[in-house]
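Numbering of the sequence shown is given in this note's numbering, commencing with residue 199 and proceeding in unit increments. Heads up, the beta-carbon is just placed ideally off N, CA and C, and yes, glycines get one too. Worksheet: the structure to be examined is printed underneath.
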Amino acid sequence: MALAADLLDILACPEDKGPLLYIESESVLYNPRLHRSYEVRDDIPVMLIPEATDVDGDEHARLMKAVEAAGIKPTFEVDDN
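This is how it looks when you write it as structure tokens:
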């Protein structure tokens, strides 16, 4: 089961408050700005900073390729105005 769309619409990184990328096949919410992933366990996002996983450059590149290939959009759009 995937995360509900209405939940994804409001999920933000607990550290920088920016949008995340939900990579369902990896069961993670990924913050490409901080290179940090948050695990999704039993369809529940674990949004605790101490439990986040820091991602190195190679893993970041791999995750971003998966995002691009699947057409994954951020959890919300940032309004720069």
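Thr251 is positioned such that its CB atom lies closer than 8 angstroms to that of Ser235. According to the DSSP assignment, Arg260 belongs to the alpha helix (DSSP H) that extends over Gly255 to Ala268.
Taking Glu222 as the centre and dropping the five residues before and after it, the same chain places the C-beta of Ala200 closer than 6 angstroms to its C-beta, in chain order.
Counting along the chain, Leu227 sits inside the beta strand (DSSP E) bounded by residues Val226 to Asn229.
Contact between Glu213 and Ile242 is absent: CB atoms are separated by about 19 angstroms, not below the 8 angstroms threshold.
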